[in-house]
Amino acid sequence: MGDERAHTAQELLTAQLHEGFLPGLAFHYPEDNRPAQGLPLWTFAADRRAVRPCSGSPVLASLDKEYRQDRGATVLRVSSRRRHVFRETTVITAAIVLYFGVRGLITTRVDVAYRNAEYVADLERSAGVFVEPRLQRAVTAHSWLAELVGYIYIYGHWPVLLATLGWLLFRHREAYLRFRNAMLISGGIGLVIFAVFPVAPPRFLTMYGFVDTVTERTSAYRVLQPPAFVNQYAAVPSLHFGWNLLMGIAVAGLGGHWLIRLFGWLMPLLMLAAIVLTANHYLFDGLVGGALALFGLFVATRIGRRPPRARDVR
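Under the working numbering, think of the first position of the sequence shown as 25, with each following residue one higher.
Pasting the structure below:
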């Protein structure tokens with residue numbers, strides 16, 4: 025639209041010049057509105073830029089009108105974007121506080137949580153995939169590797185989630201709404217599962233040789249997820265992995281450079297390894313969390329594609 029207006033204005037100006045209107049162009053002084061013949065087309069006031077059309081010139085009047093329309097549209101777009109960013113920041117902040125607040129307030133019978141943890145371990149053992157103890161022993165044998173997976177577990181979650189959501193909000197608004205809704209849907213279902221099926225994480229099952237490498241190696245986890253807001257018996261599902269999977273899908277699908285898309289593919293894989301190698305989740309937890317996140321994305325996508333109701337169409 026802007027290019028069309030500029031093109032039209034240029035044609036008008038060319039036509040006026042060919043018809044001999046050039047001598048009639050005037051420069052208006054803002055102070056006393058005095059015209060000076062033969063000077064530039066517009067004036068710029070000292071305190072702000074003010075475009076003043078010369079009297080009797082339809083060309084400059086047209087240019088001034090188009091300038092004001094474009095400027096007004098720009099102001100409206102900036103104002104609308106600011107309101108949108110503020111609204112979405114408020115929604116995300118409220119959702120995070122509500123999620124951790126509710127999860128932390130869920131009362132859990134410890135004996136039930138340990139019994140369910142044994143059930144998950146038996147389930148993996150029967151499927152031949154109870155490899156978490158052996159994998160963690162291999163990691164803890166190298167202190168640098170244990171610290172690395174701990175940092176991935178801590179700093180590869182909320183910092184990455186918030187950065188990706190911010191990128192989507194500013195660069196891909198429609199995709200942002202879809203992935204935001206997917207997180208809200210999967211988080212809501214996850215809270216229900218935490219309440220009805222509490223599970224102790226592997227790090228509490230010391231009889232299998234598990235070690236809590238995150239809290240032993242660093243205190244950063246207590247800063248990003250304060251103990252007061254953490255339910256220690258909410259291992260299933262692992263939204264730590266599920267939400268990273270959602271952000272990975274977004275980055276891999278929308279990233280411009282191939283390195284950015286590669287990061288999108290690696291992000292959830294590294295997080296899946298981290299949640300297992302730090303003894304915070306079983307493989308089963310990650311699979312359930314990933315499936316729940318994908319279900320949330322499916323529902324959010326269907327909602328986004330739903331046609332408007334007849335009464336909403338004017």
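The C-beta atom is built at its ideal place from N, Cα and C for all residues, glycine as well.
All figures in this text were calculated on a predicted structure; none of them were measured in a lab.
Do residue j and residue i have their beta-carbon atoms positioned less than 8 angstroms apart in this structure?
i       : j       : result
Val-144 : Val-223 : yes
Ile-312 : Val-260 : The sequence shown places Val at residue 312, rather than the Ile named in the question. Yes, they are a contact pair.
Thr-302 : Val-173 : yes
Ser-210 : Leu-296 : no
Asn-304 : Ile-130 : no
Phe-203 : Leu-192 : yes
Ala-137 : Leu-208 : no
Val-300 : Gly-314 : no
If you draw a straight line from the C-alpha of residue i to the C-alpha of residue j, how long is it?
i       : j       : result
Gly-320 : Asn-268 : 13 angstroms
Ala-274 : Ala-199 : 8 angstroms
Gly-328 : Leu-293 : 28 angstroms
Ile-176 : Arg-195 : 26 angstroms
Ala-317 : Phe-265 : 9 angstroms
Val-115 : Ala-162 : 42 angstroms
Val-323 : Tyr-123 : 19 angstroms
Ser-150 : Pro-225 : 19 angstroms
Gly-180 : Arg-285 : 16 angstroms
Val-109 : Pro-183 : 18 angstroms
Met-231 : Glu-142 : 11 angstroms
Ala-206 : Phe-234 : 33 angstroms
Leu-169 : Arg-107 : 44 angstroms
Asp-135 : Ala-298 : 27 angstroms
Leu-189 : Asp-236 : 30 angstroms
Arg-105 : Arg-111 : 10 angstroms
Gly-125 : Gly-212 : 12 angstroms
Gly-280 : Phe-287 : 11 angstroms
Val-216 : His-166 : 38 angstroms
Leu-201 : Arg-139 : 39 angstroms
Thr-113 : Leu-270 : 19 angstroms
Met-291 : Phe-221 : 28 angstroms
Trp-282 : Gly-214 : 33 angstroms
Glu-240 : Ile-178 : 13 angstroms
Thr-117 : Thr-132 : 26 angstroms
Glu-171 : Val-121 : 28 angstroms
Arg-197 : Thr-164 : 42 angstroms
Per the DSSP calculation, residue i is bridged to which residue(s)?
i       : result
Ala-258 : Val-223
Return the Cβ separation of residue i and residue j in integer angstroms, given the expectation that the two are a contact with Cβ distance under 8 angstroms.
i       : j       : result
Gly-272 : Trp-289 : 7 angstroms
Arg-127 : Phe-218 : 6 angstroms
Tyr-257 : Glu-156 : Going by Cβ atoms, the distance from Tyr-257 to Glu-156 rounds to 17 angstroms, so no, they are not a contact pair.
Leu-159 : Phe-308 : With a Cβ gap of about 14 angstroms, Leu-159 and Phe-308 do not count as contacting.
Verify the contact flag: residue i, CB atom, against every heavy atom of the ligand COA, threshold strictly below 7 angstroms.
i       : result
Gly-233 : With respect to the ligand COA, the structure offers nothing, as it holds no ligand at all.
Quiz item: Where are the alpha helix (DSSP H) runs, 4 residues long or more, that stay fully inside the stretch 115 to 189, in chain order?
Solution: 134 to 151, 156 to 164, 167 to 179
Quiz item: Where are the alpha helix (DSSP H) runs, 4 residues long or more, that stay fully inside the stretch 268 to 315, in chain order?
Solution: 282 to 301
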